[in-house]
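Novice: Residue numbers (this note's numbering), protein chains in the order written: chain A, 1 to 612; chain B, 613 to 1197. To start, I am sharing the structure in question, which I have written as structure tokens.
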């Protein structure tokens, strides 16, 4: 379909060739389909090119039938038209047209299929790439950027390719073919037709080159308006409360005027492209008519040639604009594919497929040794300076300390979301860096402060990717988490769909994530601030669920509120990336150190001195 | 769409009429060209005509082509002017409307949507008007005129053309009818795809901890499959379009020639030449007719999209701001006293009240702080003073006058409001600080200096350009803490009688927070302060602390009093554990 108003300046890719080369690799597997499509397009186009030539024959037969008349006197009567022969030609042409119709249709379908399937593969690769990227990358990159690559860029790529690929092949062949046919039919007329078209296109190219700056200007002023509008709209309440409406309106009117000036110019230029193309066509038409007529009178050609040239000239000029448009689209596609491949080529987490599985999950006891771990998100800036700890199987370890002390960082290291700079963490004597990541994560369950659930049924959210979970398992776990009542009140029980509209409180969400972790039934456990976003009553509920969860499991608990970890077997007090105290609650209180301070200050506000 | 056209001014209406005239002229010229062709045909077939005759007619033809090109360029110029002028005007109107919206309207539309409405949607309208004017007028004129010219020639030819038109229309309409609903479906599939990708991104840690990468991949693949299948389905229909156009464009001349052959064969000797030249002309007219119809259908296909944009723009233009300026008052007193009397508030579309029966009074120079959990209504409460929202029930009184009775400007001049998210605008430090003040009332250099000093923004003076330093769009070139301090300086430079801090301290570190409060305490002892805060430390020294829970006042008093008698306050205090407060404790 013709696209209107494609008046935006093409986005420029940094390296068009390279992006296209990478794209070709993706298309490779579809090569047979593409080759068939191209063959079909070539065939169809050749059939089309035969048309005007045969039409010329018909015209010649008709003109020969026309009597030469001067002043109402018939000079020569003309030959009777051979209608049977005309019908033969007509049927031949109809056959060719029908063939080219079918061939073109099939080619379009094939090219479309290739483009959409390629988009699908690209999208899938991007989605899977997300799961292989290090958290170092994901924690930094805005989600919006990645999302826009998955959808916008891939879509843009697929559609522009589809639109330009199918037209490009046909256009080039039609262009070359009509050129050849014109020369074969009559070289004088061919030359004059081409000359007229070249003049027309020279004018057009001149305009385009002169106008490019207006498109760029328009793009820039659009950006400016966008910027100003975004800035002012997002600070709208400040603008209003500071009586600055007039001031910002002036600012806006300035950019609005600028946009207006560049907009009408570029609108004008893109608006007259079509007419100029029309003029080029008309010019060719006139030249063909006049030159043809003169030649006919001199007996150097026939009327049929004029008739066929009138069509050839259209075949000749139309593809030129199609090719020009396709070139612009390819620029845009290249820019999009560059972003796509940039993402796909991001460094991934190290490949572990060659690593041997070393761990038998069922035999894991849960003795954890942390030795002289050093770590910083930024290699020059250590967050964890020298962290060591010993945890025995089945112990509940609490990590406490002020914000920014590095509590969550410990979780990142235990789960190998990030790798330690130096030092060692072992589980039952095996270094976690010797395990595969998936082995390590099979050992742990995790509940985070951020209650991540997805749109789907409660069952899907609880079971997640664990296999062989029965309804009895679900019932048991939900009972333990205090979720049974909540789930019973829902109209569809476990099959209720969780979405933005479903009324689930933060506390309930948290309980669901705990139930999910419980179903995994792993030997070890991490709870990172699982109760900090809920009110005190829900906290009690969650606390109970967590206590159930931590029974007989080596567990790491990070907590804000100290009351929740009083019963821990080992409390590690973290400050500025170092363990400054460790021991049980009782021991630490006795030490009268940082922890005791922390704990007492919490309760001194209540006025009760803690002696224990 | 039509509603937007009423914003056209007389001059533009004149331009439209002018361009319609030119379009008609252009159609006439375009249709003349084949007529000259016909003359040339006759000349060639008539013995004794000279080459000069042919060249003369060729010259006329060329003149028509040139004239036609010139008229189209004029029309293009007019159309571009009209469309851009209208777009500019509507953009201004929308912008003016939006800056005067109250928070309720902004929230109703969402900022992102308002931005699109001001930019993209209006660009859409501009495009459709510029093109529509040319195509929408040209296509029907061309179609009707060309039809008139051909129907008189031969019934058979007309029939062939009609069949071609009907065939194309049927194809186009079928393709559109089948694919448009599917296109809508694609939109939901894209949302789906986005959702799954977003899930993988926001839940990376969980996904990996549960070894659920494969699970997510499969989920994505399903969404991906859905979208691809629909695309492929549509593709099967859309693919028919081009070949169909082609077969008509090639088949129509063929059938005209074949019919022509029969007509000429059966015609009398004298009529043969006439029919022949008619045939040559007819084939070019016929193509024009078919193309015009195709263009028309295209416009109708594009129109719905523009219609959506037009509706979105109209929604903004027809929204009445709910917060209107009051009559104004000439009570000259400048005190800084705030009183809430039985104030209740609910958001416009909400059912439940966010604030219930709020009563309190802040005397001149007092610091009144508000604390409570998220959703307790503390921010909403102080937003009622500068009329970011209006109270649903009861009265908010400043200096003895209901806030609704002041003009917006009067009220704003009494208040220095500092939002939770610091906002700076492109310009300089100075333009940001003096923003919105009228000439004659601009803060003096001393005012600015003092404001910078109190707000702990002395870092500005160390910058090479001082207060003339550039601020980028949205203040991107200054850090969060600096932004917040500058936005406080902006409020202070106006010497307001009331300062409102809507959780403005969270972006500051403890030390700055403390110094800032101290400076305010020492140097602005006459200014009334309303403070919303998260940190107990920030508000501990306030003259009065009001504790909110689910929109009710559940405690009022000093820190010490509340520690004794307010359970919720105590809970909040206990949950806050930080180095700073521990030292103070």
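Every residue, glycine too, gets a C-beta built ideally from N, C-alpha and C. Quick caveat: nothing in here was measured; it's all calculated off a predicted structure.
Quick one: is residue 359 of chain A near chain B, going by C-beta distance under 8 Å?
Specialist: Output row for residue 359 of chain A: interface = no.
Novice: When the Cα of residue 1175 of chain B is compared with those of B/1165, B/690, B/1161 and B/1157, which residue comes out closest?
Specialist: Of B/1165, B/690, B/1161 and B/1157, the residue nearest in Cα terms is B/1157.
Novice: Which one of B/1164, B/1137 and B/1099 has the shortest CA to CA distance from residue 1110 of chain B?
Specialist: Here the closest residue by C-alpha is B/1137.
Novice: Check the Cβ-Cβ distances between residue 1032 of chain B and every residue of chain A, and say whether any is below 8 Å.
Specialist: Output row for residue 1032 of chain B: interface = no.
Novice: Against chain B, which members of the stretch 452-482 of chain A pass a CB distance test of less than 9 Å?
Specialist: Against chain B - using a Cβ distance shorter than 9 Å - the residues of the stretch 452-482 of chain A are 452, 453, 454, 455, 456, 464, 465 and 466.
Novice: Contact check, residue 113 of chain A vs residue 329 of chain A under 8 Å by CB: the rounded distance?
Specialist: Their Cβ separation, rounded to whole angstroms, is 19 Å, which puts residue 113 of chain A and residue 329 of chain A out of contact at 8 Å.
Novice: Under 8 Å by Cβ, that's how I've got residue 523 of chain A and residue 423 of chain A pegged, so tell me the actual separation to the nearest angstrom.
Specialist: Between residue 423 of chain A and residue 523 of chain A the Cβ distance is about 23 Å, and since that is not below 8 Å, they are no contact.
Novice: Residue range of the beta strand (DSSP E) that residue 1137 of chain B falls in?
Specialist: No beta strand (DSSP E) holds residue 1137 of chain B; DSSP gives it neither H nor E.
Novice: Taking the C-alpha atoms as reference points, what is the distance between residue 960 of chain B and residue 993 of chain B?
Specialist: About 15 Å.
Novice: Can you grab the Cα-Cα spacing for the pair residue 787 of chain B / residue 104 of chain A, in whole Å?
Specialist: Their backbone Cα atoms lie some 16 Å apart in a straight line.
Novice: Tell me which residues share the same chain as residue 337 of chain A and place their Cβ nearer than 6 Å to its Cβ, disregarding the 5 neighbours each side in the sequence.
Specialist: If we look at residue 337 of chain A and ignore the five residues flanking it on each side, its Cβ neighbours are 19, 23 and 157.
Novice: For residue 1014 of chain B, write down the residues that DSSP places opposite it in a beta bridge.
Specialist: Note: residue 1014 of chain B sits in a beta bridge opposite B/1009.
Novice: Compare the Cα-Cα distances from residue 170 of chain A to each of A/78, A/94, A/456 and A/46 and report the closest residue.
Specialist: Of the candidates A/78, A/94, A/456 and A/46, the one whose C-alpha sits nearest the C-alpha of residue 170 of chain A is A/46.
Novice: Going residue by residue through the stretch 725-792 of chain B, where are the continuous alpha helix (DSSP H) segments of at least 4 residues, counting only ones entirely within it?
Specialist: Segments of the alpha helix (DSSP H) lying fully in the stretch 725-792 of chain B: 732-763.
Novice: Quick test of your reading: residue 1091 of chain B and residue 1030 of chain B, contact by CB under 8 Å. State the CB separation rounded to the nearest angstrom.
Specialist: Not really, about 17 Å apart at Cβ, beyond 8 Å.
Novice: Does the distance from the C-beta atom of residue 1000 of chain B to that of residue 237 of chain A stay below 8 Å?
Specialist: Result yes, Cβ atoms of residue 1000 of chain B and residue 237 of chain A sit closer than 8 Å.
Novice: Under 8 Å Cβ to Cβ from residue 594 of chain A, same chain only, skipping five residues before and after it: list those, please.
Specialist: Within the same chain, residue 594 of chain A has close Cβ partners 573, 575, 580 and 581.
Novice: Can you tell me whether residue 678 of chain B is helix, strand or coil according to DSSP?
Specialist: Three-state result, residue 678 of chain B: helix.
Novice: Comparing the CB of residue 778 of chain B with every heavy atom of the ligand ZN, is any distance shorter than 7 Å?
Specialist: The ligand ZN is not part of this structure, which contains no ligands at all.
Novice: I want to see whether chain B comes within less than 8 Å of residue 48 of chain A, judged by CB atoms only; does it?
Specialist: So yes, residue 48 of chain A belongs to the interface.
Novice: What does residue 811 of chain B reach in chain A if we use C-beta pairs closer than 7 Å?
Specialist: Those within 7 Å of residue 811 of chain B in chain A are 454.
Novice: Got a sec: is the Cβ-Cβ distance from residue 213 of chain A to anything in chain B below 8 Å?
Specialist: So no, residue 213 of chain A is outside the interface.
Novice: Just to confirm the assignment: which complete alpha helix (DSSP H) runs, minimum length 4, are found wholly within the stretch 921-977 of chain B?
Specialist: Counting whole runs of 4 or more residues, the stretch 921-977 of chain B contains no alpha helix (DSSP H) stretch at all.
Novice: Could you tell me which residues DSSP pairs with residue 1167 of chain B in its beta bridges?
Specialist: BP columns for residue 1167 of chain B point to B/1159.
Novice: According to DSSP, is residue 4 of chain A helix, strand or coil?
Specialist: Here the model assigns residue 4 of chain A a pLDDT of 35, short of 50, so the residue's position is not dependable, and the following value carries that caveat. In this structure, residue 4 of chain A counts as coil in the three-state DSSP scheme.
Novice: Please classify residue 166 of chain A as buried or exposed, where buried requires at least 16 other C-beta atoms within 10 Å of its C-beta.
Specialist: With 16 or more other Cβ atoms within 10 Å, it is buried.
Novice: List the residues of chain A that residue 825 of chain B touches, going by C-beta distances under 7 Å, in chain order.
Specialist: Here the neighbours are 131.
Novice: Would a check of beta-carbon distances place residue 264 of chain A closer than 8 Å to chain B?
Specialist: True, the Cβ-Cβ gap to chain B drops below 8 Å.
Novice: I want to see whether chain A comes within less than 8 Å of residue 919 of chain B, judged by CB atoms only; does it?
Specialist: Output row for residue 919 of chain B: interface = no.
Novice: From the DSSP output, in three-state form, read off residue 1192 of chain B for me.
Specialist: Residue confidence for residue 1192 of chain B is low, a pLDDT of 41 falling below 50, so the modelled location carries little weight; the figure read from the coordinates is stated next. In the structure shown, residue 1192 of chain B sits in a helix (DSSP, three-state: H, G or I).
Novice: Quick one: what does DSSP say residue 1153 of chain B is sitting in, helix, strand or coil?
Specialist: Coil.
Novice: Below 8 Å, can you find three or more Cβ-Cβ pairs linking the stretch 900-908 of chain B to the stretch 686-698 of chain B?
Specialist: No, they do not touch.
Novice: Contact between the stretch 895-904 of chain B and the stretch 761-781 of chain B is defined here as three or more beta-carbon pairs at a separation below 8 Å; is this criterion met?
Specialist: Result yes; three or more Cβ-Cβ pairs closer than 8 Å.
Novice: Threshold first: 4 residues or longer. Then list the alpha helix (DSSP H) segments lying entirely within the stretch 217-257 of chain A, N to C.
Specialist: Within the stretch 217-257 of chain A, the complete alpha helix (DSSP H) runs of at least 4 residues are 236-241.
Novice: Given this structure, state the Cα-to-Cα distance separating residue 387 of chain A from residue 1094 of chain B, to the nearest angstrom.
Specialist: Between residue 387 of chain A and residue 1094 of chain B, the C-alpha separation is close to 34 Å.
Novice: If the cut is a Cβ gap below 8 Å, which residues of chain A does residue 1018 of chain B touch?
Specialist: Neighbours of residue 1018 of chain B on chain A: none; closest Cβ ~12 Å, over 8 Å.
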